[in-house]
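First to last, the protein sequences are chains A and B.
Heads up: the first sequence is residues 345 to 817, going by this note's numbering.
Heads up: the second sequence is residues 404 to 794, going by this note's numbering.
Written below as structure tokens is the structure these notes are about.
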Amino acid sequence: MIGITSYGAYIPLHRLSRAEICKAWGENPLPGEKAVANYDEDSITMAVAASRDCIKGVDPYTIDGLYFASTTSPYREKQSTPIVAGALDLRRDIFAADFSNSLRSGTEAVRAAIDAINGDSAKSVLVCAADVRLGFPHGDKELNCGDGAGALLLGNTGVIANLEGTYTVTDEIIDVWRSDKDIFVRSWEERFGREEGYTKVVSETVSSALKKYNLTAKDFSKAVFYAPDARTLNIAARKLGFDLKTQVQDPLYSVVGNTGTALSFMLLVAALEEAKPRDRILWVSYGDGCDVYILRVTKEIENVRDRRGIKGHLESKRMLPSYQKYLRWREIIPVEPPARPPLEQPSVPALWRDRKGGLALYGVRCKRCGNPQYPAQRVCVKCQAKDEFEDYRFANNKGVVFTFSQDNLAVAMDPPSSCAAIDFEGGGRIMCDITDRDPQEVKVGMPVEMTFRKLHYVGNFYNYWWKCQPIRC
Amino acid sequence: MESIKDKVAIVGMGCTKFGENWEMSPTDLIVEAAYEAYEDAGIQPEDVQAAWFGTLWTAEAGVLLAQALKLQYKPVTRVENFCATGSDAFRNACYAVAAGVYDVVLALGMEKLKDFGYSGLPNNKLAVTNTQRDRTITPPSQYAMMATRYFAKYDLSPEEGKKLLAQIAVKNHHNGTLTPKAHFQVDVTLEQVINAPIIAWPLGLFDCCGVSDGAAAAIITRTDMAKKFRPDPVYVKALQICTGPIEGFLSTEYDYTHVEETYRCGLAAYAEAGIKNPRKEISLAQVHDCFTITELTIYEDLQFSPRGRAREDIEAGTFNLGGKLPVNSDGGLKCFGHPVGATGLRQMYEDYKQLQGKAGLRQIKNPKLALTHNFGGVPGAAVISTLIVGL
């Protein structure tokens, strides 16, 4: 039977307390915190992180399709999925597509993946969703929106949650939107959106789905709803007959915030982390309509318990020291330009040649002396053998800091710039930045892992590469 | 393979004041250094048969040198080899003379850094075929990685390590006070150095050399002709460049507490000059103290100090002006300044003046052999020059 075969999630390390935002505006503190992507993270890098969590232990070459869903793709014209696919080292002959423009685009992508598998055009499809949505400064969406990503692998072998049913309603309404000229999320009067949008459409879709599959609210161990906020969620869930305390998945608003397209994925992952075999889960997402999925957990779920998922990433966090840091990282306010030379524009052909090394973090290993090296060489640094190499991927290898520095002169969004020579388990050294670090914690010998990040934006395109980070969790 | 030893000689040198020479253009710097060298050699501009021009960022090709000096349709070659640019311009000029192709040539290095508008060095112009997939890093940080590792390897606490490095800055600052053409001519205390703002941990402001404008020049001729120009020419004993295969970036074998290129370049230079015991035989050295940690590791790589024991020599004052082997007698890059393309020739200017006994307040007693060392690139991926001259 078709269903979910693995899950993964990503929550950025940094959190901003809502009290800190309120303090900056001279207002009374509000409770909770939101997850904030680091300056070098975006929807693509977070989708890569969640996907790597999801396909841990899975041979990437067995994946036949990749869908990336986000309303905050870094490009208007140019697909993001190939970048994600490149970083994940997926095959070239996959079907890949961006799904966008709706917070429901993630579950729409899941529907497309299911149809592809049912139609026998793919055996295994990875769907990832990520968002970094911006609310207007001093607005409720700035307080509510958080950043994050989720990923689901779909297929029909090793299924951890069988798909028992789907139901979709498409609905035209201008309740929450960003036009092509907007940076910040806008919404119409809250009451209109809640009553005529979310509550009405979700109720209609879920009721229709339950009727179609001859189920009632009591048949579900868990109901996972995307909703713009807790109040709206509670109204809709109660109306549909779900018990808020025992059945409705906690929406993470107080600890992560509304992660947009990613939220329905992240909430499902949180539910699956707690699920037992035979649990039935209702999964509901909303945005220009509503998608409903009915899932039944299998005993295979025990095979994916080692994912970092929501629980692992939630526990591992660092508070942002100030609201100003958030404004800086999201480039919401201009700051004085540094008195340093401007960054050079990368050569696009050079990036293209480096797609395997730069995106999937492939180096080579010398077949004569066994020495791994990055980037790929033509002549071995150790034994000088020419062209006697095999591909060698560093992305999933752990390493230690051999030496490092903290650079106060370099132009950095989060100074000082921490740079290191990383020596890898199994050999090889990579010189790279250290991200998501507390400068004080960096020491010679510190264990690190590799993480895919946004390096620069020069010449109006993004340059992605890898950095190391202290082992996250 | 023949040696360059005693085949060519320096018969004239010039050097501008180094510093933030806001009022001087690149042309001004070139003219000042070249005409001092002409005068010192007792030659006329038309006597120069060929020229080698070292600059990393300020000019392309050799045209600026010809235009500034109005060289009359002579061959000019621009040389660029990172921070070893000036030394390599000198080296190539020497080879042309040794080959017998020219009798009198000019080697001139110049850099005009203070027109760029910021502290630190400009970017390298290597962007054309570059992915820019690299660390967010500046030179101080590249060298700080060596200090971090040196402290770890020799079990120095940050306080001990910083104090050790600070002594090098204090020495070079003191030497700068005795050098009228130096960029910085002010003494600093250990406490000032240790407590200065951090540029790249553990390196503070005074662990980093000056970013300066300047130019320096040499007139080179064959040894058999040298005494026609002056009674006290300085003879070339060794000219070595060592370019590493970027092993330190790729291999876990590189230890970040030494620089293999410096070690090997030193070995080659000592062999060429016939030096058996560098610590005893070399009278003075101008080495590439772009950062204090660089000078410390150079002591060990050039075998002035045993491996891991530079500390003992630093604390004993071995490298001070009155010590057994004075290093950076003119203040070094730290205080004389570091206009990149000019630095190798500025170091040679100091060795030349010292060997001739014309170094004023900082004169060393009876020097016989003097060394210059440049560090281009960064630890792990270096271009090193080691030149030796003597009487």
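For every residue, glycine included, the Cβ atom is placed at its ideal position computed from N, Cα and C.
Quick one: list the residues of chain B neighbouring GLY702 (chain A), beta-carbon separation under 8 Å, in chain order.
-> The contacting residues are THR534 and ARG536.
Per DSSP, GLY617 (chain B) forms a beta bridge with which residues?
-> The partner list for GLY617 (chain B) (beta bridge, DSSP) reads B:GLU514.
Between the CA atoms of VAL692 (chain A) and ALA620 (chain B) - distance to the nearest angstrom | Roughly 41 Å between the two C-alpha positions.
DSSP beta-bridge partners of LYS798 (chain A) | LYS798 (chain A) is bridged to A:TYR808.
Residues, ordered as in the chain, of the segment 539-553 of chain B that lie near chain A by beta-carbon distance below 7 Å = Those would be THR539, ILE540, THR541, PRO543, SER544, ALA547, MET548, THR551 and ARG552, in chain order.
Give every residue of the same chain whose Cβ lies closer than 6 Å to the Cβ of GLN475 (chain B), excluding the five residues on either side of it in the sequence, and list them in chain order.
-> Result list for GLN475 (chain B): empty, nothing under 6 Å.
Considering ASN777 (chain B), what are the terminal residues of the beta strand (DSSP E) in which it resides?
-> In the DSSP assignment, ASN777 (chain B) falls within the unbroken beta strand (DSSP E) covering 772-781.
Of all Cβ atoms in chain A, is any one closer than 9 Å to the Cβ of TRP604 (chain B)?
-> Yes - at least one Cβ of chain A is within 9 Å of the one on TRP604 (chain B).
Using a threshold of 9 Å, state whether the C-beta atoms of LEU639 (chain A) and ALA614 (chain A) are closer than that.
-> No, they are not a contact pair.
Would you call the CB atoms of ARG477 (chain A) and GLY604 (chain A) closer than 9 Å?
-> Taking C-beta atoms as the reference points, ARG477 (chain A) and GLY604 (chain A) count as a pair closer than 9 Å.
Distance CB(VAL743 (chain B))-CB(TRP455 (chain B)) smaller than 9 Å = The answer is no: Cβ separation not under 9 Å.
So is GLY373 (chain B) in contact with chain A if we call contact Cβ pairs under 9 Å?
-> This structure cannot settle anything about residue 373 (chain B), because the visible part of chain B is limited to 404 through 794.
Taking DSSP as the reference, what is the three-state secondary structure of ASP767 (chain A)?
-> For ASP767 (chain A), the secondary structure class from DSSP, reduced to helix, strand or coil, is strand.
Once you ignore the five residues that flank ALA641 (chain B) on each side, which residues in its own chain have a CB closer than 6 Å to its CB?
-> The residues ALA672, GLU675, ALA676 and ILE791, in chain order, have a CB closer than 6 Å to that of ALA641 (chain B) in the same chain once the five nearest residues on each side in sequence are set aside.
Going along the chain, which residues of the segment 680-705 of chain A sit with their C-beta nearer than 9 Å to a C-beta in chain B?
-> Correct list: PRO682, ALA683, ARG684, PRO685, PRO686, LEU687, GLU688, GLN689, PRO690, SER691, PRO693, ALA694, LEU695, ARG697, ASP698, GLY701 and GLY702.
Those runs of the beta strand (DSSP E) which lie wholly inside the segment 683-767 of chain B and span at least 3 residues | Entirely contained in the segment 683-767 of chain B, the beta strand (DSSP E) runs reaching 3 residues are, in chain order, 687-689.
Does the segment 769-783 of chain B touch the segment 541-559 of chain B, meaning 3 or more C-beta pairs lie closer than 8 Å?
-> With a cut-off of 8 Å on Cβ pairs, the segment 541-559 of chain B is in contact with the segment 769-783 of chain B, counting three or more such pairs.
At least one CB of chain B closer than 9 Å to the CB of THR389 (chain A): is that the case?
-> So no, THR389 (chain A) is outside the interface.
If you draw a straight line from the alpha carbon of ASP506 (chain B) to that of LEU748 (chain B), how long is it in whole angstroms?
-> If you draw a straight line from the Cα of ASP506 (chain B) to the Cα of LEU748 (chain B), it is about 20 Å long.
My guess is that TYR638 (chain B) and GLY793 (chain B) are in contact by the Cβ rule of under 8 Å, so how many angstroms apart are they, rounded?
-> Their Cβ separation, rounded to whole angstroms, is 6 Å, which keeps TYR638 (chain B) and GLY793 (chain B) in contact under 8 Å.
For the beta strand (DSSP E) that contains GLN470 (chain B), what are its first and last residues?
-> No beta strand (DSSP E) contains GLN470 (chain B), which is instead part of the alpha helix (DSSP H) from 466-472.
Just the Cα atoms here: how many angstroms apart are LEU511 (chain B) and GLY489 (chain B)?
-> It is roughly 7 Å from the alpha-carbon of LEU511 (chain B) to the alpha-carbon of GLY489 (chain B).
Below-9 Å beta-carbon distance, LYS726 (chain A) vs any chain B residue = Yes, LYS726 (chain A) lies at the interface with chain B (some Cβ there is under 9 Å from its Cβ).
What does ALA620 (chain B) reach in chain A if we use C-beta pairs closer than 9 Å?
-> Using a Cβ-Cβ cut-off of 9 Å, ALA620 (chain B) is close to nothing in chain A; its nearest Cβ partner there is about 28 Å away.
Backbone CA spacing between SER444 (chain A) and THR415 (chain A) [nearest angstrom] = Computed Cα separation, rounded: 5 Å.
List the residues of chain B whose Cβ lies closer than 7 Å to the Cβ of ASN752 (chain A), in chain order.
-> Those are ILE601, ILE602 and ALA603, listed as they occur along chain B.
If you run the structure through DSSP and keep just helix, strand and coil, what is THR532 (chain B)?
-> Assigned with DSSP and collapsed to three states, THR532 (chain B) falls in helix.
Near-chain A residues of the segment 741-765 of chain B (beta-carbon distance less than 8 Å), N- to C-terminal order = Cβ contacts with chain A: none found.
Name the chain B residues whose beta carbon is nearer than 8 Å to that of PHE746 (chain A)?
-> Within chain B, the residues near PHE746 (chain A) are ARG552, THR655 and TYR659.
Straight-line Cα distance separating MET757 (chain A) from GLU594 (chain B) = If you take the alpha carbons of GLU594 (chain B) and MET757 (chain A), they lie about 31 Å apart.
Considering only the beta carbon of each residue, do THR539 (chain B) and ASP777 (chain A) sit closer than 9 Å?
-> Cβ distance < 9 Å, so THR539 (chain B) and ASP777 (chain A) count as in contact.
In the DSSP assignment, find the unbroken alpha helix (DSSP H) run with PHE569 (chain A) in it and report its ends.
-> No alpha helix (DSSP H) holds PHE569 (chain A); the beta strand (DSSP E) holding it covers 566-569.
Assuming LEU705 (chain B) contacts GLY669 (chain B) under a Cβ cut-off of 8 Å, what Cβ separation, rounded to an integer in Å, is found between them?
-> Separation of the CB atoms of LEU705 (chain B) and GLY669 (chain B) is rounded to 4 Å, and the pair is thereby assigned contact status at 8 Å.
Reference ARG781 (chain A), options A:ILE774, A:GLY352, A:MET790 and A:ARG773, closest by Cα | The shortest C-alpha separation from ARG781 (chain A) is found at A:MET790.
Pick from A:GLY771, A:GLY770, A:GLU769 and A:ASN752: whose alpha carbon is nearest that of SER762 (chain A)?
-> Closest by alpha carbon: A:ASN752.
Through-space distance from ILE407 (chain A) to LYS589 (chain A), alpha-carbon basis = C-alpha separation (whole angstroms): 38 Å.
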